[in-house]
Amino acid sequence: MKNIKLSKKPPDSNNRKKGKPVICYPVNDLQNSNFFIYQEARNHITAKSQTIIPPREARCFDVKAGQFFRIESIDGPQVGDLNLFQADNFNEKFYSGKTRALHGTHLSTGDQMWSCFPYLRPLATITWDTLDWYEFDKDGASVHDVIGTRCDPYTAKLLDDHDYHHCCHSNLIRALVNEKKININQAENLVHDVLNVFMCTGFSKDTHQYFMKASPVRPGDFLEFFAETNLVGVLSACPGGDCSSEHSSDNSTCYPLKVSVLSTSSKHLKGWLPSLTSSYNQKHGLK
Ligand SMILES: [Zn+2]
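For any residue, its number in our numbering is found by taking its place in the sequence shown, counting from 1, and adding 72.
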């Protein structure tokens, strides 16, 4: 938080702070040529399956490459924590840190969810966001962040010294164990930092700490994705509800979430270029 300063300020400190910000990873060259195909294709999508995520629980869902999936608020304001895996290889999973470095702190239409090394490819592309009007508010907050992690029982234990089993981390683990028959130790390592769907967050202006505020999501709002490869998604309906007050407890009002998988015929995806894993040779300078 940079509250404690033990070092002497150098005489040229002002000069040293004069550097201009340079975007670390300009994404202009990544312009997704498929995006207009998705926008046209989504006019011809039909629902294939639906999954209801009960409050304070998580569920898995399968999406084939070329299908869309939609996460929807149904009964009341509720945020969701999303994990994504490549369906044929769970080692390839969503990389929130690199996605943040590429697309910024909060995602919306046109942004992509990237997979971890050594794969580094888009797992999914966001094709519609009914909350895109929110932009960034006066506190610097916005929705759908990749700056938080996922609520978890370890931090709850650290800060409040209690065992709570319905944090998103545990919900995601139970879903993988119960539905994908993965053992608990493997599942613990597979669960990763999430896309915080519908969650409204930012960094405080004074200490730059992660904060949350009441989500603006309302029933009928949705975030829609195009699957760039075969996917398994796991979504938790966070115990924080709309995250207006607290999480990691049973104190907040929680609602279910709905996931719909939608498909279109291949004729509407003509010209779609599939997502390829990184072509880096992985030698890392070694022979
Ligand atoms: Zn949570």
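Virtual Cβ for every residue (Gly too), placed ideally from N, Cα, C. Values in this document were obtained by computation on a predicted structure and should not be read as measured data.
Name, in chain order, the residues that DSSP records as bridge partners for residue i.
i: residue 272; result: 215, 285
i: residue 125; result: 329
i: residue 168; result: Residue 168 is not bridged to any residue.
i: residue 117; result: None, per the DSSP bridge assignment.
i: residue 298; result: 140, 197
i: residue 150; result: Paired residue(s): none; residue 150 is not in a bridge.
i: residue 73; result: For residue 73, which the question treats as bridged, DSSP gives no partner whatsoever.
i: residue 184; result: 197
i: residue 102; result: Residue 102 is not bridged to any residue.
i: residue 178; result: 217
i: residue 145; result: 329
i: residue 155; result: 306
i: residue 267; result: 154
Does the beta carbon of residue i sit closer than 7 Å to a beta carbon anywhere in chain B?
i: residue 118; result: This model lacks chain B altogether; it includes just one protein chain.
In terms of residue numbering, what span does the alpha helix (DSSP H) encompassing residue i cover?
i: residue 335; result: Segment 329-335 is the beta strand (DSSP E) holding residue 335; no alpha helix (DSSP H) there.
i: residue 242; result: 240-252
i: residue 309; result: Looking at the DSSP string, residue 309 is not in any alpha helix (DSSP H); the run it does join, the beta strand (DSSP E), is 303-309.
i: residue 85; result: 85-88
i: residue 260; result: 256-262
i: residue 231; result: 225-232
Since residue i and residue j are thought to touch, with beta carbons under 8 Å apart, how far apart are those beta carbons, to the nearest angstrom?
i: residue 122; j: residue 306; result: Rounded, the Cβ-Cβ distance is 16 Å, inconsistent with contact.
i: residue 125; j: residue 328; result: 6 Å
i: residue 168; j: residue 266; result: 7 Å
i: residue 139; j: residue 195; result: Between residue 195 and residue 139 the Cβ distance is about 13 Å, and since that is not below 8 Å, they are no contact.
i: residue 249; j: residue 256; result: 6 Å
i: residue 357; j: residue 150; result: Going by Cβ atoms, the distance from residue 357 to residue 150 rounds to 47 Å, so no, they are not a contact pair.
i: residue 130; j: residue 243; result: 4 Å
i: residue 272; j: residue 128; result: Contact doesn't hold; Cβ gap of about 19 Å is too wide.
i: residue 184; j: residue 197; result: 5 Å
i: residue 225; j: residue 216; result: Contact flag wrong, Cβ pair sits at about 24 Å.
i: residue 350; j: residue 190; result: 6 Å
i: residue 181; j: residue 334; result: Between residue 334 and residue 181 the Cβ distance is about 16 Å, and since that is not below 8 Å, they are no contact.
i: residue 274; j: residue 213; result: 4 Å
i: residue 304; j: residue 147; result: With a Cβ gap of about 25 Å, residue 304 and residue 147 do not count as contacting.
Within its chain, find whatever has a CB closer than 7 Å to the CB of residue i; leave out the 5 residues flanking it on each side and keep chain order.
i: residue 343; result: 109
i: residue 310; result: 151, 152, 153, 223, 240, 319
i: residue 298; result: 110, 140, 196, 197, 199
i: residue 317; result: 324
i: residue 136; result: 299, 302
Quick one: give me the first and last residue of the beta strand (DSSP E) that residue i is part of.
i: residue 194; result: 194-201
i: residue 134; result: 130-135
i: residue 159; result: No beta strand (DSSP E) holds residue 159; DSSP gives it neither H nor E.
i: residue 290; result: Element bounds for residue 290: n/a, residue is neither H nor E.
Once the 5 residues before and after residue i are set aside, which same chain residues still bring their CB inside 6 Å of it?
i: residue 144; result: 294, 330
i: residue 347; result: 193, 194, 300, 301
i: residue 165; result: 157, 188, 264
i: residue 221; result: 265
i: residue 88; result: none
i: residue 113; result: 336, 340, 341
i: residue 251; result: 132
Suppose the cutoff is 8 Å on Cβ atoms and the five residues either side in sequence are ignored; what does the same chain contact list for residue i look like?
i: residue 186; result: 166, 167, 170, 171, 174, 192, 193, 194, 195
i: residue 73; result: 279, 280, 281
i: residue 105; result: 345
i: residue 245; result: 256, 259, 260, 263
i: residue 161; result: none
i: residue 94; result: none
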